[in-house]
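Residues in the sequence shown are numbered from 2 upward in steps of one, following this note's numbering.
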Amino acid sequence: MRILVIRNNSNPKAIDASALLNAYLSSQGVDWVCVDAGSLESVSGRESVRRTCGTSFDLAVALGGDGTMLRTAHLLAPDDVPILGVNFGNLGFLSNANDNGVIAPVAAALAGEAAVECRANLRIDVVCEGCVDPWADEATGAADAAADADGSDDDEKGPQEFFALNELALTRGANGRIIDIELGISGSHVMDVRGDGLVVSTATGSTAYALSAGGPLVAPGFQGLVVVPVAPHSLCSRAIVTAAGDVVEIGLDEDGVYRKATLFVDGEMLSFDRLVRRIYVRKGDRPTRLLRVGGKTFYDRASEVFF
2 MRILVIRNNS NPKAIDASAL LNAYLSSQGV DWVCVDAGSL ESVSGRESVR
52 RTCGTSFDLA VALGGDGTML RTAHLLAPDD VPILGVNFGN LGFLSNANDN
102 GVIAPVAAAL AGEAAVECRA NLRIDVVCEG CVDPWADEAT GAADAAADAD
152 GSDDDEKGPQ EFFALNELAL TRGANGRIID IELGISGSHV MDVRGDGLVV
202 STATGSTAYA LSAGGPLVAP GFQGLVVVPV APHSLCSRAI VTAAGDVVEI
252 GLDEDGVYRK ATLFVDGEML SFDRLVRRIY VRKGDRPTRL LRVGGKTFYD
302 RASEVFF
């Protein structure tokens with residue numbers, strides 16, 4: 002058995018717990034690798050860790066708060082590795098409590114006594130100006146093809162794909178101006194949003210930015226998406242909850258002044274070399290597997306934190 006330990010090196014309690022855990026795993030003859038969660042904050046950092054440590058793990062243990070859990074989920078997104086979180090942060094919605102120390106939940110997981118929660122995540126496809134949009138309608142596709150034929154657009158890049166466990170947040174850019182957003186779901190135009198932005202979250206992310214923006218609290222087993230406008234300039238804007246198979250389609254205003262939005266996935270800012278044209282968000286093909294060892298339920302934690 003091989004275990005990956007992700008530790009928040011800025012948290013003294015997580016560092017102490019890691020020392021205890023590493024000694025325990027060694028005494029059990031378990032092969033383990035320990036990584037600083039800070040090294041997972043960027044795509045390049047995660048790729049470096051994957052090259053150095055490999056990807057063949059039976060279990061990942063995240064020691065820290067929900068941020069450490071999110072970084073671990075991003076690192077292991079291409080792989081089907083279950084994640085056991087032990088909370089040393091604040092909220093701890095994604096992790097197990099550390100009331101009985103770090104050894105007890107890890108021992109339970111190794112013994113196969115942990116419950117598996119399959120959490121929906123997001124697949125996010127971003128189409129930038131001048132790039133191929135494989136989901137465009139026939140009219141748009143024909144126009145793009147004509148532009149390519151006359152040489153006015155020689156960029157053959159396709160959409161860029163991203164992963165999120167919590168949410169995609171589309172917010173105002175550096176110029177501080179509001180942004181105009183065209184919101185569609187599975188081919189149907191739903192509404193135009195003019196405001197500070199838009200959040201598309203999973204049920205897992207409903208306790209984070211989406212909740213602060215006025216979205217509902219959603220049980221973690223729900224497989225659909227939650228769409229929440231952020232500070233809309235409107236008197237009738239509401240959050241929308243989609244079905245599991247729906248695709249959220251986000252179009253940005255053609256006027257570049259109102260398209261300079263900033264995109265974040267689970268708090269990590271994305272950078273692009275040109276204006277973003279459209280964004281497609283859907284449920285990911287493979288769920289993120291979180292391990293739960295006894296303790297409080299989602300509703301227990303929600304009651305303590307929010308009510």
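For every residue, glycine included, the Cβ atom is placed at its ideal position computed from N, Cα and C.
As the structure is a computational prediction, the values presented were derived from the model and not from experiment.
- Counting of Cβ neighbours within 10 angstroms places D197 among the buried residues, the total reaching 16 or more.
- Residue V219 holds the alpha-carbon nearest to the alpha-carbon of V242 among L26, V219 and V231.
- Under the three-state reduction of DSSP output, K14 falls in the helix class.
- Counting along the chain, G46 sits inside the alpha helix (DSSP H) bounded by residues V44 to C54.
- Taking L123 as reference, the option from N176, F273, A78 and P13 with the minimal CA-CA separation is A78.
- By the CB criterion at 8 angstroms, I7 and L71 fall outside the cutoff.
- Selection V103, D80, E118 and V200 evaluated against F94 yields E118 as nearest (Cα-Cα).
- In the three-state scheme derived from DSSP, where H, G and I count as helix and E and B as strand, E269 is classed as strand.
- In the DSSP annotation of this structure, V103 is not part of any beta strand (DSSP E), being labelled neither H nor E.
- The beta carbon of G174 lies closer than 7 angstroms to those of K261, A262 and T263 in the same chain, with the five residues before and after it left out.
- At a Cβ-Cβ threshold of 8 angstroms, S202 and P217 do not count as neighbours.
- Here the alpha carbon of R290 sits roughly 10 angstroms from the alpha carbon of A61.
- Note that the C-beta distance between A110 and L85 is below 8 angstroms.
- A residue is called buried when at least 16 other Cβ atoms come within 10 angstroms of its Cβ; G90 meets this threshold and is buried.
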